[in-house]
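K.L.:
A single structure is presented below for examination.
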Amino acid sequence: MANILIIDDSPTDVRVFTTLLERAGHTVGSVGNAEEGIERVRAELPALVIMDVIMPGMNGFQATRTLTRDPVTKDVPIVMITTKSMETDRVWGLRQGARAFITKPVNEKELLACINDLLPSAA
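Okay, structure coming up:
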């Protein structure tokens with residue numbers, strides 16, 4: 001299916017998302033901070049990125065903005081997944097360039113449907 005990169009500092013969340021995505025047939029990589037995530041996206045150009053918001057150092061909003069404004073990575077869809085559930089957070093995430101904003105705890109079917117809608121092969 002697709003190569004998906006998870007950028008999240010929570011080993012538990014990474015494990016949950018990895019298991020879910022691999023079960024759906026995707027290849028999954030992960031990094032624990034935004035700075036490393038940006039470098040991996042530039043180097044590998046994954047089909048999709050799952051981005052946490054709250055991370056040490058650069059946060060997910062900043063990383064999303066960096067990736068979506070970079071000519072090399074601007075077409076890689078980003079799904080933000082976070083505990084931040086305020087409408088202003090969702091709007092801000094989408095304004096930074098995220099294609100979707102999902103709050104934790106994540107509904108498995110909702111996440112997979114969202115990913116399938118965003119993957120280029122779904123067209």
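In the numbering used here, the protein residues as written are 1 to 123. From the three backbone atoms N, C-alpha and C, an ideal C-beta is built for every residue, glycine too.
1) In this structure, does DSSP put N125 in helix, strand or coil?
2) Quick check: M58 and A43, are their CB atoms within less than 9 Å of each other?
3) Assign L21 to one of three DSSP states: helix, strand, or coil.
4) Kindly indicate which residue of T66, A98 and I102 has the alpha-carbon position closest to the one of T83.
5) In terms of DSSP beta bridges, what is A100 paired with?
6) Tell me which same chain residues have a C-beta within less than 7 Å of the C-beta of T55, skipping the five on either side of it?
7) If you draw a straight line from the C-alpha of V106 to the C-alpha of D75, how long is it?
8) Taking L94 as part of the alpha helix (DSSP H), name the residues at either end of that continuous run.
9) Quick check on C114: does DSSP put it in helix, strand or coil?
10) Just tell me which of H26, I50 and E108 has its CA closest to the CA of I7.
11) Short check: CB of I4 to CB of T27, under 9 Å?
P.N.:
So, from the listed chains and residues:
1) Nothing in the structure corresponds to residue 125, since the chain is present only between 1 and 123.
2) no
3) helix
4) I102
5) V79
6) With the sequence shown as reference, residue 55 is identified as Met, and Thr is not the correct amino acid for it. If we look at M55 and ignore the five residues flanking it on each side, its Cβ neighbours are D9, N33 and A34.
7) 24 Å
8) E87 to R95
9) helix
10) I50
11) yes
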